[in-house]
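Colleague: Protein chains in written order, with the numbering used here: chain A, 1 to 803; chain B, 1 to 160; chain C, 1 to 94; chain D, 1 to 140; chain E, 1 to 493; chain F, 1 to 112; chain G, 1 to 125.
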Amino acid sequence: MFTVNLAIMIPFIAALIIPLVHKKVSRSYIGWVVFIVPAALFVYLASFIPSMAEGNTIVHTWNWIPSIGINFTSYLDGLSMIFGLLITGVGALVVIYSIYYLDHDEMLYHFYVYLLIFMGGMLGVVFSDNIMVLYLFWEMTSISSFLLIAFWYHRKQSRYGAQKSFLITVGGGFAMLAGFIMLYVMTGTFSIREIIASVDDISAHALFIPAMALVLLGAFTKSAQFPFHIWLPDAMEAPTPVSAYLHSATMVKAGIYLVARFTPVFGGGEIWFWIITGVGFITMIWASFNAIRQTDLKALLAYSTVSQLGLIMSLFGMGSAALYFGYSAESVVYTQATFAALFHLVNHSTFKGALFMVIGIVDHEVGTRDIRRLGGLISFMPISFTITLIGSFSMAGVPLFNGFLSKEMFLTAVLNISKLNIFSLENIGAMLPVIAWVASVFTFVYSMIIVFKTFFGKYKEEKLEHQADEPKMGMLIPPIILAVLVVVIFFFPNILGNYVLSPAMSSIYPGFGPNVDLGVEIEQWHGFNTELWMTIGIIITGIVLYLLLKYWKGIFRLFPRRFSFNRLYDNALLFIENRTTNITNMYMTGYLRDYLTYIFLFFIGAAGITLIYTGAFTFDVSNDVPVSMFELIMVVIMLGAGISILFVKSRLAAVLLYGVLGFAIAVFFVIFRAPDLALTQLVVETITTVLFLACFYFLPEWKKEEHDGRTKMTNIIISVGTGLVFILIALGVQHGQLFESISRYFEDAYELAGGMNIVNAILGDFRAFDTMLEVFVLVIAGMGVFSLIKLKSRKGGRKIEDQ
Amino acid sequence: MPAQFLTNLFIAFLWMLLNDEDELRFSTFFAGYLVGIIIVFIMHRFFGTQFYLRRFFALLKLILIFIRELSSSSVFVIKHIVKKEVTIKPGIFYYKTELRGEWEVSLLALLLTLTPGSVVMEVTPEGDAFYVHAMDIAESRENLLRSLAKFERAIMEVLR
Amino acid sequence: MIEYLVVGGLALYGIAIAVAVIRMIIGPTLPDRVLALDIIGVNLISCIAIISVMLSTTAFLDVILILGILAFISTIAFARYLERGVIIERKRDS
Amino acid sequence: MKINDVILHAVTKIVVFIILTLAIYLFLSGHHSPGGGFVGGLVLASAFVLLYLAFDIETVQKGIPFDFKLVAALGAFIAAASGLGAVFFGASFLSQAFDYFDLPILGQTELATVTVFEAGVALAVVGTVVTIILSISEDV
Amino acid sequence: MNNILVFPMVLPLITGVILIFLRPFIKLQRWVTFGVMAVNTGISLYILQKIQKDGILRLDFGGWEPPFGILFVGDSFSLLLVLTASIVTAIILLYAFHSLDAAREKMYFYPLVNFLVAGVIGSFLTGDLFNLFVFFEVMLLSSYALVSLGGSKMQLKHGIIYMTINVVSSWMFLIAIAYLYGTVGTLNLAHISQRIAESGQTPILTVISILFLIVFSLKAGLVLYQWLPGSYSAPPAVIGALFGALLTKVGIYALYRMFTLVFYHEPAITHTLIGIMAGVTLIGGSIGAIAYNDIRRVITYNVVIAVGFILVGLAVLTPAAVEGAVIYLVHDIIIKALLFLTGGTMIYLTGTARIENMSGLIRNYPMLGWIFFITMLSLAGVPPLSGFLGKVLVGQGAAETGSYLLLALAFLSSLAVLYSLLRIFLNAFWGETIISEEDEIPLKKGRLVPLVVFTLGTIALGLGVESIAVYASDAANVLLNPDIYIDAVMNDN
Amino acid sequence: METIIIILAGVLVSVATYLVLSKNLIRVILGTSIFSHAAHLLIMTMGGLKEGSSPLLGEEAATYTDALPQALILTAIVISFGVTSFFLVIAYRAYQETNTDNLDILRGIKDE
Amino acid sequence: MNGNGILEIIAAIFIFGGGVLSVLSALGLMRFPDIYTRNHAGTKSTTLAVLVTLTGVFMYFWIAEGYISVRLILGILFVFITAPTAGHIIVRAAYRSGVKVSDSTVEDELGPMLRKKEGEREGES
Ligand code: NA
Ligand code: NA
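(1) Which residues, taken in chain order from the stretch 43 to 72 of chain A, show a beta carbon closer than 9 Å to some beta carbon of chain E?
(2) Going by the CB atoms, is the gap between Pro28/C and Ala94/G shorter than 9 Å?
(3) Name the chain G residues whose beta carbon is nearer than 7 Å to that of Val15/D?
(4) Verify whether the separation of the beta carbon atoms of Val126/A and Tyr44/A is less than 9 Å.
(5) From the DSSP output, which residues share a beta bridge with Val70/G?
(6) Per DSSP, what kind of secondary structure is Gly590/A in: helix, strand or coil?
(7) Tell me the DSSP bridge mates of Ser128/A?
(8) Using only the alpha-carbon positions, how far apart do Asn143/B and Val23/G sit?
(9) State yes or no: is the C-beta of Met381/A within less than 9 Å of the C-beta of Ala468/A?
(10) Would Ala91/D pass as a contact of Asp99/D if the rule is Cβ separation under 9 Å?
(11) Counting only C-beta atoms, is Leu94/D closer than 9 Å to chain E at any point?
(12) At 7 Å on the CB atoms, spell out the chain G contacts of Glu122/B, in chain order.
(13) Once DSSP output is grouped into helix, strand and coil, what is the label at Arg159/A?
(14) Taking beta-carbon pairs under 7 Å, can you tell me which members of the stretch 180 to 194 of chain E lie near chain A?
(15) Looking at the C-beta of Tyr404/E, does it have a partner C-beta in chain F at a distance below 9 Å?
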């Protein structure tokens with residue numbers, strides 16, 4: 001059966017096939033082969049629309065890590081359907097566009113591979129029910145986005161943008177993963193549906209808020225919300241089809257999707273409401289304001305995208321208020337915010353996709369996107385102009401275009417919410433309409449900039465790389481289709497509303513029951529209400545501001561670039577690199593003494609403190625066996641010889657004293673009834689001494705240790721401390737013996753192993769394994785010594801690496 | 001001479017067989033060997049050589065000479081150690097020996113060195129003379145030379 | 001009586017060794033120190049023999065022999081080192 | 001004046017034989033009294049060390065022309081292989097067996113597989129020690 | 001009696017010694033060593049299966065019953081590690097065949113590798129504390145020899161530091177054993193555990209446990225990792241890969257074994273300390289990984305980070321965390337080998353280890369570039385690669401026990417890993433191509449194949465992680481229920 | 001006796017620690033060797049001192065001293081011999097290559 | 001006291017006497033002016049001390065336990081052979097490594113010889 005799971009996999013399969021066949025297929029055909037994938041998937045998904053509209057869902061599971069509960073479970077419902085259609089629909093258009101846009105690039109097949117991976121990843125994100133699998137696809141979109149941004153990786157700016165987007169989105173992804181893990185800890189399941197089902201049990205859990213914050217971190221970074229928006233403008237280094245597809249229509253909406261998806265989990269409370277709404281509003285106004293100052297058309301579109309994403313985000317935030325009330329006639333008003341969000345989501349994809357494509361066309365044709373070099377293109381590129389006009393006006397919220405409808409609904413939602421008296425809204429709720437209005441004015445202004453600065457005014461031929469001209473028809477078709485959609489949706493919004501948007505509403509408000517229709521009848525005209533007056537105000541103010549632009553542009557200088565978040569990001573990286581180097585060099589001195597100091601200090605500290613803290617130090621000499629005169633003398637000798645080693649000036653004297661230590665220990669082994677040990681110790685001692693002497697031939701005589709006073713003092717403290725801890729533990733053990741040794745068993749060595757020498761029986765039989773290995777240790781040492789001496793690097797022949 | 005030794009061994013084994021004990025005992029063997037020595041000594045002229053244990057006795061004599069020298073010179077050294085003031089006058093002198101060959105020379109050097117108060121410092125490259133360090137050359141040169149002569153003779157008896 | 005003599009003898013050897021160690025520490029020349037080590041080694045032979053008497057065991061008699069051998073070997077090694085720097089030669093010139 | 005080592009050489013020639021005998025004695029008697037593979041091997045090695053000290057590498061090599069690296073390896077091999085031997089007889093790795101046999105001349109004798117194991121140990125010890133000392137000394 | 005249990009250790013051991021005799025025959029040495037690792041893989045797979053069927057296996061050496069003799073104990077944890085070590089060594093060897101100079105190969109490289117592996121595998125399998133010490137020494141001596149094999153200045157300089165630190169830590173190990181023996185009078189791990197359970201973990205035992213913690217931390221590179229970056233980057237890449245893949249893992253293994261089987265009664269002291277140490281290691285490793293432009297340094301600090309990460313599992317000690325740590329351990333063995341080899345290949349191809357001197361390599365060596373890219377993602381724990389599940393489970397454990405700081409550090413460290421390698425990728429693989437086609441050193445198949453195999457390995461292990469999750473879960477079960485282990489060792493079966 | 005030996009071992013540990021903190025490589029190596037002496041004394045002490053006869057059944061004594069620590073020490077002695085010899089060689093090889101045995105100077109030698 | 005008892009005491013006296021000798025020679029080690037004279041006290045007197053003690057010990061085992069220790073005899077023999085060799089070697093090494101004889105030394109026939117021969121060799125080369 002052709003399942004949704006398989007639908008996710010198809011782009012990946014295609015991505016795997018392309019590198020294998022790209023040499024055999026003519027360059028111009030690859031694109032068309034690729035085109036089949038999203039187009040077919042779009043059709044396939046669209047075939048489910050009627051079923052979805054009836055409130056059905058489709059679930060399918062492939063096992064991946066069943067023992068942990070991580071499986072590929074796809075879940076097709078209203079919400080994922082919207083995104084699925086966007087991904088495949090816009091995807092198909094973008095592929096067509098790319099075929100013409102990128103026809104000169106030699107690494108073309110890479111582009112398609114990345115694009116397909118992205119497509120599959122994005123479908124995976126929206127269709128996955130299992131949050132771990134969702135995360136998997138989530139990172140896949142970040143990765144493919146990274147690769148696409150750096151498609152021209154020889155350009156420094158491309159690498160910079162790629163790195164920035166990667167760090168921010170993947171970092172956010174890590175946070176989101178942590179949040180997901182917390183969700184699992186709270187609910188015991190990785191399935192979103194099951195998590196939603198157990199919402200009531202977790203809202204008081206200690207991990208609830210952290211989980212929410214972490215998931216939102218993922219969402220905000222992905223959707224370029226303030227202050228994480230900084231990656232998006234730099235992502236414009238990507239080829240324009242990518243910008244149109246990933247960085248406006250789909251990937252950046254993954255964060256929005258996540259918020260929508262998790263609204264039933266986290267929504268309904270004040271924190272969620274304010275974080276989403278607040279961040280959305282801030283993002284919206286900050287980005288729309290900043291869009292105006294941009295001179296690069298793509299950068300302008302990027303800021304506009306950020307701003308629009310903020311708008312959608314804020315709508316989801318406001319829509320979550322409905323959950324506070326539960327289902328009632330009154331609360332339905334607030335769900336309209338969510339509906340508006342979904343509507344604007346689609347609309348934005350259409351008009352912004354069209355705009356990106358046209359700007360790409362302009363760039364492609366004249367070789368620049370700098371507003372200061374553009375102008376007067378209308379006579380050379382009338383079709384492009386028309387599309388731009390439609391897209392911009394829709395974005396600006398002007399009637400006849402779909403943007404107007406959703407913008408009106410946005411204003412309605414803001415007005416509704418501002419009248420609420422929960423969540424402290426009674427105090428600052430009135431601010432929201434004001435912010436929304438101001439942001440809309442800015443939006444209007446930059447929309448005008450796009451149209452008028454590019455197509456009107458003086459045509460500056462000398463500043464362009466090529467003569468302006470319309471591109472091939474194939475390149476125009478995709479934006480035309482989108483532009484047409486912009487207009488068609490304005491006139492027939494409810495087809496979309498009823499069949500696509502309404503089913504999604506029940507995904508976001510599952511608690512309201514399956515039979516509740518949260519759909520909204522969208523009207524082009526609803527009388528002269530506040531919203532309309534606000535829109536009229538926006539247009540008038542916008543026109544005025546646009547015309548007076550050069551007079552008030554100076555205001556941007558009040559926001560110097562060095563305080564920008566971009567600078568913050570750059571400086572932070574620089575700071576991290578420098579500081580980390582300093583910090584690491586501080587303790588990684590390469591000096592053996594320092595490393596040993598850490599070890600001994602750790603030993604003294606950890607063991608010493610535990611000793612005191614646990615009260616383990618006790619001692620008792622009553623069980624000690626008595627000491628004879630001779631033994632005492634031997635102890636004194638050893639102490640004398642040992643300590644003298646520190647002071648003697650010649651290394652030979654040191655080795656001699658060391659020899660005394662060795663002999664004396666052998667005597668102690670005799671006193672302690674260990675003949676085998678005494679024998680071994682003596683021979684080993686002597687051979688070691690011979691080795692020392694043999695090596696001395698190669699080494700210079702000792703020089704005086706030139707440590708400064710402080711180092712010397714530290715050395716003394718560490719040495720004494722180490723010895724002391726050693727002694728204290730030993731005394732504690734001596735007093736704290738708990739069990740008899742097992743070694744009585746070995747006293748039957750004769751019966752068991754046929755040997756009268758117990759030590760030898762242990763070495764040769766009971767613990768022969770140790771002995772065998774020990775022999776190997778010796779042999780390895782021998783081989784090591786041999787090879788170390790015989791294999792010398794040739795003088796002067798510096799070898800950086802093998803061979 | 002090996003023939004004498006083998007004969008002696010044979011007698012010892014014969015002795016053991018004659019004793020007919022149920023296990024092998026070293027003491028029995030030793031007793032048999034002693035008996036053998038007596039028999040071989042009596043019969044040694046039949047072998048046409050000297051009695052094979054003659055060197056053994058020479059060795060015993062050497063050891064006795066050595067122990068006497070050792071004791072007397074030890075007393076001498078210890079006397080100096082316990083004296084209130086150290087008054088010794090050490091010195092290094094040259095001594096040419098009649099002995100030849102590695103073993104003879106070495107043995108002499110060892111004996112001389114073992115006797116307190118003197119130590120062989122160097123053997124000449126030709127191997128026929130020593131440089132000897134004496135602890136108190138003024139007092140003991142004559143004694144040392146006398147000991148050396150005694151040792152040389154005894155060594156020759158053993159090794160030649 | 002016997003015990004006192006034996007224990008006393010052992011203690012005396014201990015003192016002798018201690019004195020030798022002092023000689024080793026103060027030197028002044030390296031051969032002095034080597035000499036001290038040799039003396040310590042030889043004295044230890046006696047010590048172990050006496051300990052064997054005290055414990056009335058023959059288990060350590062091997063140690064005595066070994067100690068004699070090893071004191072000898074180390075002394076030669078040190079002396080060689082003092083004399084020539086190289087303790088084991090590839091080929092002696094003589 | 002050239003050094004004349006005649007005394008040292010003479011003494012070494014005697015002493016080495018004593019050490020070698022002792023080494024073999026310690027090795028064989030290790031089962032019942034102090035000694036065994038390690039000690040035997042080490043003492044054997046010290047005999048070699050003495051030879052090298054008193055004579056020189058070339059002279060000793062002429063008398064004892066082994067590649068001591070291979071001696072070491074052989075020892076280790078014997079030690080490990082004796083463990084595997086037990087496996088072939090269906091016992092646990094490194095199982096040792098011993099029994100008493102009446103042998104001609106030697107009388108009742110204990111024969112133990114542990115002797116094979118210990119022989120490996122001893123060889124490895126000798127081989128390694130000599131390898132190390134020779135490697136260093138030959139570097140001059 | 002399960003003699004089969006000794007073979008993964010004894011085969012390399014005996015092979016190593018036989019290869020000493022075969023010194024002149026390099027080709028033979030290569031393939032025999034490779035063959036041994038292959039056979040080992042088969043055997044350990046077989047044992048692993050057998051354990052699932054029959055429970056924990058043990059082999060009493062010489063037939064002496066515990067606690068009197070020494071024994072090998074095979075449970076899922078140890079066998080998983082044995083298996084992975086065998087496979088990874090085999091693949092690393094393939095790289096050695098084509099990268100190591102003949103002089104090194106002739107100087108007992110293959111015997112030393114065999115000994116090293118025997119030491120590592122023995123450490124995983126032994127059930128006796130002192131025997132563990134001996135295995136450590138087998139491993140360490142081989143590593144001393146390997147780290148200095150070739151005798152370049154850099155190798156000797158770092159070799160000395162490496163050696164001294166390890167000698168000191170071996171000393172601490174020995175005295176810790178002495179103290180423990182003095183207290184409980186036995187050396188068999190299970191028996192020690194049994195006795196401690198009987199008497200309770202007295203304060204002095206806790207102090208002793210701290211000593212073991214220090215000792216194994218030194219081997220694992222937990223907090224006390226200062227010796228690690230230098231000594232792992234000094235020798236040729238192959239040796240670095242062996243070290244990076246295997247050596248620290250032994251320390252980690254020992255920490256897990258000791259602090260789950262023996263010293264688990266005072267977690268408030270011991271496991272808290274482990275947690276703190278893991279955190280510090282994560283921070284230090286992350287800082288170090290970002291600090292340098294020398295590829296070798298970046299790689300070695302990545303080793304450190306992983307150590308901290310895996311020890312988070314021990315600190316929080318929940319079933320999920322331990323299972324995750326086991327999986328992560330397996331993953332890390334593979335991925336560290338790959339990382340070292342990839343880095344080594346880059347250095348070989350460019351003649352420099354500094355990323356600012358490299359650029360645009362992906363055009364010259366696209367395959368290498370993508371391998372590096374996948375390595376980077378796998379290290380950062382990006383799904384579906386092998387690093388993912390371990391990371392999730394360890395994180396889950398940290399979240400369950402409320403160890404938020406550890407959770408945060410663990411996840412932030414992933415970001416540091418990513419960033420540190422991303423810098424290499426951006427600077428070295430992307431950018432203007434600076435090596436012209438004439439100057440390009442060919443990347444031979446011999447070097448590439450092992451890299452590809454490892455890369456496929458990390459992908460396959462990620463996708464097929466369920467296949468080892470079963471074993472990991474069994475391993476965690478045994479680790480968290482010491483009685484299972486003790487029963488298997490102390491009772492006749 | 002036990003306490004005295006423990007203190008003796010402890011002093012040796014201090015000496016060894018001081019030595020390994022030196023700049024001079026030979027001192028470091030000597031330090032590590034002294035460390036092992038201290039460890040051996042400790043193991044011995046932990047097994048109980050001077051109780052019973054040597055672990056030779058031929059002695060036919062009533063009690064024997066603990067043989068296990070003796071076996072362990074023997075193993076440890078041999079291992080530490082192997083380590084020390086390798087250590088010495090690496091030290092002089094380092095001197096041959098770098099012309100210094102001073103660790104402080106050695107660290108300044110650039111990594112290739 | 002039976003015969004064995006007396007013999008045991010004699011053995012013990014030997015043992016003790018060795019100790020006394022050894023302390024005395026150690027004293028010499030401290031008092032004598034240079035390495036060459038100390039060597040006399042050191043090697044030889046100590047050797048004597050050890051021989052005396054070992055003889056005592058040998059007697060003890062023979063008498064008290066009926067044990068004739070071949071190893072002890074070997075040990076005595078060994079000391080006999082090696083102690084003078086060691087003494088010889090040390091003195092030679094000292095002299096050749098340039099340790100001066102003390103001022104009280106009245107005669108040195110070796111020094112000029114050694115220097116002369118070395119001079120000749122240098123002349124040759
Ligand atoms: Na840096
Ligand atoms: Na052993």
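From the three backbone atoms N, C-alpha and C, an ideal C-beta is built for every residue, glycine too. Values in this document were obtained by computation on a predicted structure and should not be read as measured data.
Modeller: Looking at the coordinates:
(1) For the stretch 43 to 72 of chain A, which is checked against every Cβ of chain E, the residues closer than 9 Å are Asn63, Trp64, Ile65, Pro66, Ser67, Ile68, Ile70.
(2) Here residue 94/G is taken as the residue at index 94 of the seventh sequence, counted from 1. Here residue 28/C is taken as the residue at index 28 of the third sequence, counted from 1. Against a cut-off of 9 Å, the Cβ pair of Pro28/C and Ala94/G comes out as no contact.
(3) Taking the fourth sequence and counting its residues from 1, one reaches residue 15/D at position 15. Under the 7 Å cutoff, chain G gives Ile81, Thr82.
(4) As a first step, residue 126/A must be located in the first sequence, where it is residue number 126. As a first step, residue 44/A must be located in the first sequence, where it is residue number 44. Their beta carbons are not under 9 Å apart, which means Val126/A does not touch Tyr44/A by this criterion.
(5) For this step, residue 70/G is matched to residue 70 along the seventh sequence. Beta-bridge analysis with DSSP links Val70/G to no other residue.
(6) Taking the first residue of the first sequence as 1, we reach residue 590/A at position 590. Note: Gly590/A maps to coil in three-state DSSP.
(7) Within the first sequence, residue 128/A is the residue found at index 128, counting from 1. In DSSP, Ser128/A forms a bridge with Ser74/A.
(8) One-based indexing of the second sequence puts residue 143/B at position 143. One-based indexing of the seventh sequence puts residue 23/G at position 23. The alpha-carbon atoms of Asn143/B and Val23/G are separated by roughly 26 Å.
(9) Numbered from its first residue, the first sequence carries residue 381/A at position 381. Numbered from its first residue, the first sequence carries residue 468/A at position 468. In contact: Met381/A and Ala468/A (Cβ atoms closer than 9 Å).
(10) The count along the fourth sequence starts at 1 and reaches residue 91/D at position 91. The count along the fourth sequence starts at 1 and reaches residue 99/D at position 99. Against a cut-off of 9 Å, the Cβ pair of Asp99/D and Ala91/D comes out as no contact.
(11) Taking the first residue of the fourth sequence as 1, we reach residue 94/D at position 94. By this cut-off, Leu94/D is an interface position.
(12) Translated into the one-based positions of the second sequence, residue 122/B becomes position 122. Listed along chain G are Arg92, Leu110, each with a C-beta nearer than 7 Å to that of Glu122/B.
(13) If you number the first sequence from 1, residue 159/A lands on position 159. Reduced to three states, the DSSP call for Arg159/A is helix.
(14) Gly182, Thr183, Val184, Gly185, Thr186
(15) The residue you call residue 404/E lines up with position 404 of the fifth sequence. Closer than 9 Å: no.
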